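Trainee:
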Amino acid sequence: MKCPVESKENVDLLLDFCLGKPGAAAAKLARHVEACPACQEFCASCSALWSDLDLLEAPPVSPDFNRRLYERIEAEESGVWRKFLSLFRLRWMRPATAVAAAGMLVVFGVLLQSPFVPENLPRPLMEAKSDIDIEQIEETLEDLEMLRTLPVVISTESPASL
Amino acid sequence: MPVAATVERDAELMLRVRDGCQESFGLLLDKHRGPVIHFLYRMVQNQAVAEELAQEVFLRVYRSRSTYEPTAKFTTWLFRIATHLALNWIRDGKREKGQESLDEGPTEGLVRQVPDTAPNVEHVLLTEVKREEIRRAIRALPEKQRAAVLMHKYHEMEYAQIAKVLGCSESAVKSLLFRAYESLRSRLAHFAR
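Chains A and B, in that order, give the protein sequences.
Heads up, the final residue of the first sequence is numbered 153 in my numbering, and it's a clean run with no missing numbers.
Heads up, the final residue of the second sequence is numbered 198 in my numbering, and it's a clean run with no missing numbers.
Dropping the structure here:
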């Protein structure tokens, strides 16, 4: 097989082999490494590096990690409604207010054009007049005229002459 | 426990979280909190930041519960979120904004880990120096190489899973890892002498 270190092929297999991870080509690699100084050097330094990296320990987790997380979750959950409402206000309420205002204007305009008249209100005067006979008006006017002239007649004729 | 059974268990727990079971979320948190924080700690090399990022990871998992589908390993998803957050944090350069860095010396947690039965002060100091050099060497790696090495070394992930976490091909992961280990080997070669 080609030397993985020199050819840069199958280096992952060599890496796994050096780190003690069994692979399909482990037996083949073992035979090669036994006879290859470059791969032996690579494996030795990889093994040393691998154990050196063990020194990089992580400190223990803070005991209040869960509590802080649950507090954040709770705060976020209680804030969800606030956010929802603010979204509603911001995204829906503004256009809704504008639409409502425009709608009111339209309705107002329509009402101005055709005013609403309730049925139980008295009929308009002109409509009632249309039922009055024109002859009655003439007769009324004649009666009034007669009434106006009546005292003159009465004053010119003495009671004795009646 | 077999890997498949573990995966199934995690996904099952997450599906229960989706259905409103808070206890299942607690179980997932207890199980994966440590690995996630340790991974993030090694990525950002700051315990406070690591815990803050881990909080964000679990918060995002919780937020996504309603749309969760077990299409991938739960840990792949978890580490994908964690890696994404860590890489963003590193790229944002937040570590330079007054955060307590490991450059300034060992943290309280690390000091506690030095065994009381240490043979002598010299040994303890040498170990600490070595540890610091390892930190520097890891910090010097390009971000993706760093993430790949940490998942490979400390979380024993397969190439395929690392590839899914990093969103690249398996061969790309192998190449990343080889270059990363080569870089670490050359930086830390003097330890072997």
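We put the beta carbon where it would ideally sit given N, CA and C, even for glycine.
All figures in this text were calculated on a predicted structure; none of them were measured in a lab.
Please name the residue in B:Glu138, B:Glu74 and B:Val54 whose C-alpha comes closest to that of Arg23 of chain B.
Mentor: When only C-alpha atoms are compared, the closest one is B:Glu74.
Trainee: Just to confirm my understanding: we take Leu155 of chain B, look at its own chain, exclude 5 residues before and 5 after, and list those with CB closer than 7 Å. What are they?
Mentor: Closer than 7 Å at the Cβ level, and outside the excluded window around Leu155 of chain B, lie Phe44, Arg47 and Met48.
Trainee: Note down, in chain order, every chain B residue with its Cβ under 7 Å from the Cβ of Arg154 of chain A.
Mentor: Outside the modelled stretch of chain A, which goes from -8 to 153, sits residue 154 of chain A, for which no answer is possible.
Trainee: Nearest chain B C-beta to Cys37 of chain A closer than 8 Å, yes or no?
Mentor: Yes, Cys37 of chain A lies at the interface with chain B (some Cβ there is under 8 Å from its Cβ).
Trainee: Would you call the CB atoms of Leu4 of chain A and Ile143 of chain B closer than 8 Å?
Mentor: No, these two residues do not count as a Cβ contact at 8 Å.
Trainee: Taking Cβ positions, are His157 of chain B and Leu182 of chain B nearer each other than 8 Å?
Mentor: Cβ atoms of His157 of chain B and Leu182 of chain B: closer than 8 Å.
Trainee: Considering just the uninterrupted stretch of the alpha helix (DSSP H) at Val134 of chain B, what are its terminal residues?
Mentor: Looking at the DSSP string, the run of the alpha helix (DSSP H) that includes Val134 of chain B is Val126 to Ala145.
Trainee: What residue range does the alpha helix (DSSP H) around Val49 of chain B cover?
Mentor: Gln27 to Val49 is the span of the alpha helix (DSSP H), which, as asked, contains Val49 of chain B.
Trainee: Would you call Val101 of chain A buried or exposed, if buried means 16 or more other Cβ atoms sit within 10 Å of its Cβ?
Mentor: Label assigned to Val101 of chain A: exposed.
Trainee: List, in order along the chain, the chain B residues whose C-beta lies closer than 8 Å to that of Val2 of chain A?
Mentor: Correct list: Lys179 and Phe183.
Trainee: Excluding the five sequence neighbours on either side, which residues of its own chain have a C-beta within less than 6 Å of the C-beta of Phe33 of chain A, listed in chain order?
Mentor: The answer, listed in chain order, is Val(-4).
Trainee: If you follow the alpha helix (DSSP H) that His157 of chain B is part of, which residue opens it and which one closes it?
Mentor: Unbroken alpha helix (DSSP H) run through His157 of chain B: Glu148 to Tyr159.
Trainee: Mind the definition here: the region 177 to 191 of chain B touches the region 36 to 45 of chain A only if three or more C-beta pairs lie below 8 Å; say whether that holds.
Mentor: Cβ pair count under 8 Å is three or more, so yes.
Trainee: What in chain B is Cβ-close to Arg63 of chain A, meaning under 7 Å?
Mentor: The contacting residues are Gln60 and Leu64.
Trainee: Output, in chain order, the set of chain B residues within a Cβ distance shorter than 7 Å of Ser53 of chain A.
Mentor: Simply Glu56.
Trainee: Can you confirm whether Arg21 of chain B, when its beta carbon is compared against all beta carbons of chain A, has any partner nearer than 8 Å?
Mentor: No, Arg21 of chain B does not count as interfacial toward chain A.
Trainee: Taking 8 Å as the cut-off, does the region 58 to 66 of chain A touch the region 21 to 38 of chain A (at least 3 CB pairs, one atom from each stretch)?
Mentor: Too few Cβ pairs lie closer than 8 Å, so no.
Trainee: If we ignore side chains and look at the alpha-carbon of each, how far apart do Gln166 of chain B and Ala26 of chain A end up?
Mentor: About 33 Å.
Trainee: If we cut at 8 Å on Cβ distances, does Leu6 of chain A have a partner in chain B?
Mentor: Taking Cβ atoms only, chain B reaches closer than 8 Å to Leu6 of chain A, which makes this a yes.
Trainee: If you reduce the DSSP assignment to three classes, tell me which class Pro28 of chain A lands in.
Mentor: Residue state, collapsed to three classes: helix.
Trainee: How many Å lie between Ser71 of chain B and Lys78 of chain B at the Cα?
Mentor: So the alpha carbons of these two residues sit roughly 17 Å apart.
Trainee: For Ala16 of chain B, decide whether its Cβ has a neighbour in chain A, counting only Cβ atoms nearer than 8 Å.
Mentor: No, its Cβ sits nowhere closer than 8 Å to a Cβ of chain A.
Trainee: Glu148 of chain B and Ile86 of chain B look like a contact to me (Cβ under 8 Å); what is the Cβ gap, rounded to whole Å?
Mentor: With a Cβ gap of about 16 Å, Glu148 of chain B and Ile86 of chain B do not count as contacting.
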